[in-house]
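Colleague:
Number of protein chains: 2
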Amino acid sequence: MASLIEGQARPIRLADIAKAAGVSHGTASNVFSRPEVVRAEVRERVRAVAEAMGYAGPDPKGRLLRAGKVNAIGVGTTEPLSYFFEDPFARVMMAGISEACDATGAGIALVSAANQEKLAWNIQSALVDGFILFCIEGGSRLVELTRERRLPFVALELGFHDETISAIGVDNIAGGRLAARHLAELGHRRFAVLSLTLGDDRTGFVTPEMVRSAVYTGTRDRLAGYFEELSGFGVDTKSIPVFETENEQRSTWAGLEAIFAGGERPTAILAMSDRMAMIAIDWLTARGLKVPEDVSVVGFDGVPDGALCDPPLTTIAQPITEIGRRAARMILDYDGAVRRETMGVELVVRASTGPAPIS
Amino acid sequence: MASLIEGQARPIRLADIAKAAGVSHGTASNVFSRPEVVRAEVRERVRAVAEAMGYAGPDPKGRLLRAGKVNAIGVGTTEPLSYFFEDPFARVMMAGISEACDATGAGIALVSAANQEKLAWNIQSALVDGFILFCIEGGSRLVELTRERRLPFVALELGFHDETISAIGVDNIAGGRLAARHLAELGHRRFAVLSLTLGDDRTGFVTPEMVRSAVYTGTRDRLAGYFEELSGFGVDTKSIPVFETENEQRSTWAGLEAIFAGGERPTAILAMSDRMAMIAIDWLTARGLKVPEDVSVVGFDGVPDGALCDPPLTTIAQPITEIGRRAARMILDYDGAVRRETMGVELVVRASTGPAPIS
DNA sequence: CATTTTTGTTGGATCGATTCAAATTTCTCC
DNA sequence: GGAGAAATTTGAATCGATCCAACAAAAATG
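Chains as they are written, first to last, in our numbering: chain A, 49 to 407; chain B, 49 to 407.
1. Which residue from B/Pro405, B/Pro360 and B/Ile364 puts its Cα closest to that of B/Arg398?
2. Measure from the C-beta of B/Ser188 to each C-beta in chain A and report whether the shortest distance is under 9 Å.
3. Output yes or no for whether 9 Å exceeds the beta carbon distance between A/Gly122 and A/Gly74.
4. Against B/Ser173, what residues of chain A qualify as contacts under a CB-to-CB distance less than 8 Å, listed in chain order?
5. Going by beta carbon distance, what residues of the same chain come within less than 7 Å of A/Ala309, once the five residues before and after it are set aside?
6. Closer than 7 Å between beta carbons: that is the criterion. Which residues of the stretch 138 to 158 of chain B meet it against chain A?
7. Measuring CB to CB, does A/Phe201 end up less than 9 Å from A/Ser214?
8. Just reading off the beta strand (DSSP E) that A/Val345 is part of, what are its end residues?
9. Express the C-alpha separation of B/Ala154 and B/Ile145 in angstroms, rounding to a whole number.
10. Is the separation between the beta-carbon of B/Ile65 and that of B/Val97 shorter than 9 Å?
11. Would B/Trp331 pass as an interface residue toward chain A - the criterion being a Cβ-Cβ separation below 9 Å?
12. Going by C-alpha distance, which of A/Trp331, A/Arg313, A/Asp284 and A/Val283 is nearest A/Ser299?
13. Strictly below 8 Å CB to CB, what residues from chain A border B/Asn170?
14. Cutting at 6 Å between CB atoms, please list the residues of its own chain near A/Val290, excluding the five before and the five after it.
15. Cα separation between A/Leu158 and A/Glu370?
16. Measuring alpha carbon to alpha carbon, tell me which residue in A/Asp322, A/Leu204, A/Gly372 and A/Leu246 is nearest A/Val396.
17. Can you look up A/Ile145 in the DSSP assignment and give me helix, strand or coil?
18. Going along chain B in order, which residues have a C-beta closer than 7 Å to the C-beta of A/Leu129?
19. For B/Glu134, go through chain A and note every residue whose CB falls closer than 8 Å to its CB, in chain order.
20. If contacts are defined as beta-carbon pairs under 8 Å, then B/Ser344 and B/Thr401 qualify, I think. What distance do you get, rounded to the angstrom?
21. What does A/Glu196 reach in chain B if we use C-beta pairs closer than 7 Å?
22. Cα separation between B/Ile307 and B/Gly282?
23. Should A/Ala355 be labelled buried (16 or more other beta-carbon atoms within 10 Å of its own) or exposed?
24. For the stretch 236 to 268 of chain A, which segments carrying the alpha helix (DSSP H) assignment without a break, of at least 4 residues, lie completely within its bounds, in sequence order?
25. Could you tell me whether the Cβ of B/Ser478 comes closer than 9 Å to any Cβ of chain A?
26. Is the beta carbon of B/Glu147 closer than 9 Å to that of A/Leu167?
27. Within the 9 Å Cβ cut-off, does A/Pro59 reach chain B?
28. Which runs of the alpha helix (DSSP H) at least 4 residues long sit entirely within the stretch 82 to 108 of chain A? Give them in chain order.
29. State yes or no: is the beta carbon of B/Leu199 nearer than 9 Å to at least one beta carbon in chain A?
30. Distance, Cα to Cα, A/Arg260 vs B/Ala302?
31. Considering only residues of the same chain and omitting the five flanking positions on each side of A/Leu278, which have a CB-CB separation below 8 Å?
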């Protein structure tokens, strides 16, 4: 049926249809975008001509320029694109963003890049009305690049203090306290911390000065929460080993090796992400240490995988989906204001934590 | 620094800075897109003016219209957007697509919609150079809508025979045979099949006539593979219950209930997706039936979750990531040809299958 | 110094639609 | 039949850039 898809040469434009049907551009345009204002007879004639000529419908590229709004939001990260589909935290967040976008019919464009130049280019040329930024490693660079685009944007998990930009985060101090209190109440007194990064591209043990000069306030606050609470239980926080990792297996293993190489082994591990916590559980189990009988582990984030692992993970749950929804709505309903929201977190007790072993 | 982001009234255009800097718009354009052709002195002057006026850089909307190519590929489905982040099969596929896109710097736009009208609109207005279609339920509608856009597209997991469109799929017959042979060689003789849908929106037991008139040839072929192979082992395939599900929990449970309500219980289940297979394992375990001692289960797809579940799932693995990569490249390197590729599958034996129980 | 080459700049045309004020046609109703 | 109202249609202007042929200026060459 219809015409063959030959003559690849020059795609048919609305103007071609208008001429062929003997009407003006204006009318031809109306046939597609506001059919009710065109007389039925004319409308059908134009439609027939369009069909016969194999017109694909008004090209969104043209419409876009006129309309101004793209009706899509960009989600950016410095990780490779596959991060969105593989990382459990990102996935739940994306589900929340998707929900808000689905509700208003907005699209989602994923923005990322292997290297910095490409990232800059991709951000500059993304066809979106605003950005949601996953600020992990190199978040400040990402924010800087995005700021130049002068489009609304929201930073997620904002790792640094910049009051001039919109952001949604969680109460990291409260989360840290909740985790620490839970373990302390179970009788634990010897701890170790698997920390997210405090600055860019570094792993290893952390000193108090490094904490003070932390770039990422999220990390700093969780640590502060842990320490404040533990101090209240009479724990000497200065002696707690804090190992900075990159939230992946290699550096987390290195951290665990280093922590367990010392003489006084911890009976409880405070991990700043569920991912690290689960890696830690695997590592401990492989070493013959039972979780939670020998070592308790508490994570942070509350990703669904945590409930499925063995043993199920005790964690500080963030309202990830809700954060995603709100972030998307901030962009969709942008009103020019800088908004900063802090969401609450809650302790979810599962089976990776238990009473401190009798020493 | 720079100028305040006030005067929201009218964003600055390239033409504005050209005038302010006293150069033509052609030169101003060159400053941003081909800086090497403009004299250093002029270039810096224009840049300074742009900076001072708070110019956000050339608007991609404008560039796009001229350039013609969007440099992004659309991935469409009839499921809600969150499908891409939640379904394990989709996630692996997206990882493959992401990889190819990352490599060439192309973007990904997710296209989906709650209802049909919105879906049509979203497909019509997606800013992409081509589409990759997840053809699940309602795949034919999706293909029809996309065809009207007259942009290159590839169907994934093509569920119906339409030789005029590009598609990438797997050898479903071979996969079916592999699964069936494995079980038959373990001594199984009583089977049940948890099938994907043969047509749209139906669940329940399947009759031979329904198989013959199947809309989805993928489903039909897997079934054919199962039956051909089992016949070779002397199994009466006519007596094998085949239950059509929607690849989710509710209908899969219903299928299992129906299958196990009968007198002669199967010792082996052939599931057409890993998802169903895992749901089946849970259901059986909850019923007190041991997998694989009492009932063996083999899945189809080879998603990573299958290796993690308990017991780890024996399955027919598709090269999902590779399919994704190829699909993306088909769009990125589109040459006007209709391509149809069939990928091989392989049997991955894990712990969900074992010798048939002695009856 | 005249001529060619090289290098930089200009401004009109174009990409493909939408919009809206003005012009035209059609319809109502006396 | 004609005035006035209502319904349609027109066509120029616009969205924001890039491209390119033509021109101008500066540099190199004979």
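Glycine residues also receive a C-beta, built at the ideal position from the N, C-alpha and C atoms.
Modeller: This is what the structure holds:
1. By 1-based counting over the second sequence, the position of residue 398 of chain B is 350. For the residues B/Pro405, B/Pro360 and B/Ile364, the minimum Cα distance to B/Arg398 belongs to B/Pro360.
2. Numbered from its first residue, the second sequence carries residue 188 of chain B at position 140. At least 9 Å separates the CB of B/Ser188 from every CB of chain A.
3. Taking the first residue of the first sequence as position 1, residue 122 of chain A is located at position 74. Taking the first residue of the first sequence as position 1, residue 74 of chain A is located at position 26. One thing to note: A/Gly122 has its Cβ no nearer than 9 Å to the Cβ of A/Gly74.
4. Here residue 173 of chain B refers to the residue found at position 125 of the second sequence. Against chain A, a Cβ distance below 8 Å from B/Ser173 picks out Pro108, Arg111 and Asn119.
5. Reading the first sequence from its first residue, position 261 is the one you call residue 309 of chain A. By the criterion of a C-beta distance shorter than 7 Å, A/Ala309 is surrounded by no residue of its chain, once the five residues flanking it on both sides are discounted.
6. Listed in sequence order: Arg139, Met142, Ala143, Ser146, Glu147, Cys149, Asp150, Gly153, Gly155, Ile156, Ala157 and Leu158.
7. Numbered from 1 along the first sequence, position 153 holds the residue referred to as residue 201 of chain A. Numbered from 1 along the first sequence, position 166 holds the residue referred to as residue 214 of chain A. With respect to the 9 Å criterion, A/Phe201 and A/Ser214 are classified as neighbours on the basis of their beta carbons.
8. Locating residue 345 of chain A in the first sequence gives position 297, where the first residue counts as 1. Where A/Val345 is concerned, the enclosing beta strand (DSSP E) stretches over Ser344 to Asp349.
9. The residue you call residue 145 of chain B lines up with position 97 of the second sequence. The residue you call residue 154 of chain B lines up with position 106 of the second sequence. One alpha carbon belongs to B/Ile145, the other to B/Ala154, and they sit about 10 Å apart.
10. Along the second sequence, one-based indexing puts residue 65 of chain B at 17. Along the second sequence, one-based indexing puts residue 97 of chain B at 49. For the pair B/Ile65 and B/Val97, the CB atoms are nearer than the 9 Å cut-off.
11. Within the second sequence, the letter at position 283 stands for residue 331 of chain B. No, B/Trp331 does not count as interfacial toward chain A.
12. The residue labelled residue 299 of chain A in the question sits at position 251 within the first sequence. Comparing Cα-Cα distances from A/Ser299 to each of A/Trp331, A/Arg313, A/Asp284 and A/Val283, the minimum goes to A/Trp331.
13. Taking the first residue of the second sequence as 1, we reach residue 170 of chain B at position 122. Those within 8 Å of B/Asn170 in chain A are Gly153 and Gly155.
14. Counting from 1 along the first sequence, the entry for residue 290 of chain A is found at position 242. Only residues of its own chain outside the window of five on either side were considered, and among them Val241, Ser243 and Val254 have a CB closer than 6 Å to the CB of A/Val290, listed in chain order.
15. As a working note, residue 158 of chain A is residue 110 in the first sequence. As a working note, residue 370 of chain A is residue 322 in the first sequence. If you draw a straight line from the Cα of A/Leu158 to the Cα of A/Glu370, it comes to about 20 Å.
16. On the first sequence, position 348 is the one that residue 396 of chain A refers to. Residue nearest to A/Val396 within the set A/Asp322, A/Leu204, A/Gly372 and A/Leu246 is A/Asp322 (criterion: CA-CA distance).
17. Position 97 of the first sequence holds residue 145 of chain A. Under the three-state reduction of DSSP, A/Ile145 is assigned to helix.
18. In the first sequence, counting from the first residue as 1, residue 129 of chain A sits at position 81. Under the 7 Å cutoff, chain B gives Ser146, Cys149, Asp150 and Ile156.
19. Residue numbering aside, residue 134 of chain B sits at position 86 when the second sequence is read from its first letter. Listed by position along chain A, the residues whose Cβ is nearer than 8 Å to that of B/Glu134 are Arg139 and Ala143.
20. By 1-based counting over the second sequence, the position of residue 344 of chain B is 296. By 1-based counting over the second sequence, the position of residue 401 of chain B is 353. That pair is a contact at about 4 Å.
21. Here residue 196 of chain A refers to the residue found at position 148 of the first sequence. Within chain B, the residues whose beta carbon sits less than 7 Å from that of A/Glu196 are Ala104 and Gly105, listed in sequence order.
22. Stepping through the second sequence from its first residue, residue 307 of chain B is reached at position 259. Stepping through the second sequence from its first residue, residue 282 of chain B is reached at position 234. So the alpha carbons of these two residues sit roughly 21 Å apart.
23. Mapped onto the first sequence, residue 355 of chain A falls at position 307. By the beta-carbon neighbour count (other beta carbons within 10 angstroms, threshold 16), A/Ala355 is exposed.
24. Correct list: 256 to 260.
25. Since the first residue of chain B shown is 49 and the last is 407, residue 478 of chain B is not available in this structure.
26. One-based indexing of the first sequence puts residue 167 of chain A at position 119. One-based indexing of the second sequence puts residue 147 of chain B at position 99. Going by beta carbons, A/Leu167 and B/Glu147 fall outside the 9 Å limit.
27. If you number the first sequence from 1, residue 59 of chain A lands on position 11. At least one CB of chain B lies nearer than 9 Å to the CB of A/Pro59.
28. DSSP runs (the alpha helix (DSSP H)) wholly in the stretch 82 to 108 of chain A: 88 to 101.
29. Locating residue 199 of chain B in the second sequence gives position 151, where the first residue counts as 1. Output row for B/Leu199: interface = yes.
30. The residue labelled residue 260 of chain A in the question sits at position 212 within the first sequence. The residue labelled residue 302 of chain B in the question sits at position 254 within the second sequence. One C-alpha to the other measures close to 58 Å.
31. Taking the first residue of the first sequence as position 1, residue 278 of chain A is located at position 230. Residues Ala228, Ala232, Phe239, Thr285 and Ile288 of the same chain have their beta carbon placed closer than 8 Å to that of A/Leu278, with the five preceding and five following residues left out of the count.
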